[in-house]
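Numbering (the working numbering), first residue to last: 43 to 427.
Each residue gets a CB set at the ideal place from its N, CA and C atoms; glycine is no exception.
Bear in mind the structure is a predicted one, so any value in this text is a computation, not a measurement.
Structure record follows, encoded as structure tokens.
Following this line, the structure appears as structure tokens:
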């Protein structure tokens, strides 16, 4: 399991270590909030297109070879910017990293489910999410130190070495899991399965959580810079977000496995907490940055393991790769759409308006669910159906 956890760490550290430092350092490559939003979305845009493809491929040929190929490609894409340092190649390297992550991320998620019994899925995904959160935590902080010491090229060099090391570790330690036989699936069958609320509800929650996480990592440093915080200080402040998520995820997974928490209640609470965090980002100064980071971290820490455990429980084992790839597609739509939404609103109005809009969108789902539940409890007609 540990190489799978390391793969999750790699994609988190790479994505957010770079993202958290683009807005506060690289003036040559990032000339506006819209350009920043584009660079943040590029990594995830590649994943949006390719994760379902690689997830289906993992079901067909096995998740292990797709995992290894993705890690090797990630190392190569990172090395590209080390060799050729220019703004144009920064875009190319980020695109390559996103394409590579689209291969090894859903493969790792599927292997987590295949290598653990259903009764331990909450703990397994909690541990997987914990290691990703450690990557989110160290990414902004250590990334800020590396960028301060040697620029973005040093950070990309570290990522190249990390990707190659995890690929070698996985090749030695991860067992080969043969693809399971499966019945023929038509396009209509796939549409029906994806349209099932058992898939849509956790995927939508994961997408919303990822949107808030991406906005927090990408734009809280901008708010920190407005409060006259330096690069390392803003990286440390944003790392609070991931640290909170790291602490909460294993506890949420354990509570789910022990029956002390349901996926519906936990996900709804997580969305409301995340919405409160986005609202706190509107507060000026260090207090706003820290409170927003802490609440967004706690909210996403609740949502992530519960969402993946719900998906694994409702998916036939032979379709895990496809389901995880499709779910990751939803997450990446949130990851790409969140920064673009906030950047677009910030360009037209202010960054505060962008945070307010995201907070309102996050709270819509849980509020509607609470109103529906209240209408059923009191016997009133449910006019929101």
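As a quick exercise: from the options, pick the residue whose alpha carbon is nearest that of residue i.
{"i": "residue 110", "options": "122, 56, 144", "result": "144"}
{"i": "residue 120", "options": "365, 194, 257", "result": "194"}
{"i": "residue 220", "options": "147, 366, 153, 321", "result": "153"}
{"i": "residue 188", "options": "385, 62, 381", "result": "62"}
{"i": "residue 126", "options": "250, 165, 199", "result": "199"}
{"i": "residue 170", "options": "142, 205, 93, 43", "result": "43"}
{"i": "residue 396", "options": "321, 91, 326, 305", "result": "321"}
{"i": "residue 149", "options": "345, 102, 123", "result": "102"}
{"i": "residue 276", "options": "387, 113, 185, 123", "result": "185"}
{"i": "residue 353", "options": "87, 242, 300, 107", "result": "242"}
Going by other Cβ atoms of all chains shown within 10 Å of its Cβ, with 16 needed for buried, is residue i buried or exposed?
{"i": "residue 374", "result": "buried"}
{"i": "residue 128", "result": "exposed"}
{"i": "residue 163", "result": "buried"}
{"i": "residue 406", "result": "exposed"}
{"i": "residue 89", "result": "buried"}
{"i": "residue 203", "result": "exposed"}
{"i": "residue 161", "result": "exposed"}
{"i": "residue 159", "result": "exposed"}
{"i": "residue 218", "result": "exposed"}
{"i": "residue 270", "result": "exposed"}
According to DSSP, simplified to helix, strand and coil, what is residue i?
{"i": "residue 326", "result": "coil"}
{"i": "residue 391", "result": "coil"}
{"i": "residue 220", "result": "coil"}
{"i": "residue 271", "result": "coil"}
{"i": "residue 104", "result": "coil"}
{"i": "residue 265", "result": "helix"}
{"i": "residue 281", "result": "helix"}
{"i": "residue 126", "result": "coil"}
{"i": "residue 427", "result": "Below a pLDDT of 50, predicted positions are generally treated as unreliable, and residue 427, at 35, falls in that range; the measurement from the model is reported next regardless. If DSSP states are grouped into helix, strand and coil, residue 427 belongs with coil."}
(message) In chain order, what are the residue ranges of uninterrupted beta strand (DSSP E) at least 3 long that sit wholly in the segment 150-216?
(response) If we require 3 residues or more, the segment 150-216 turns out to have no beta strand (DSSP E) run fully inside it.
(request) Identify every run of the beta strand (DSSP E) within the segment 294-378, keeping only runs that are complete inside it and at least 3 residues long; order them along the chain. (result) Here no run is fully enclosed.
(message) Under 8 Å: do the segment 329-336 and the segment 255-262 share three or more Cβ pairs, one atom per stretch?
(response) Contact holds: three or more Cβ-Cβ distances are below 8 Å.
(message) Does the structure place the segment 176-183 close enough to the segment 278-288 that three or more beta carbon pairs sit under 8 Å?
(response) Three or more Cβ pairs closer than 8 Å define a contact, and the segment 278-288 meets that threshold against the segment 176-183.
(request) Inspect the CB distances between the segment 333-351 and the segment 304-318 and report whether three or more fall short of 8 Å. (result) Judged by Cβ distances under 8 Å, the segment 333-351 makes contact with the segment 304-318, as three or more pairs qualify.
(request) Count the CB pairs spanning the segment 380-394 and the segment 292-303 that are closer than 8 Å, and state whether there are at least three. (result) As far as the Cβ criterion goes, the segment 380-394 does not touch the segment 292-303, which means the pair count is below three.
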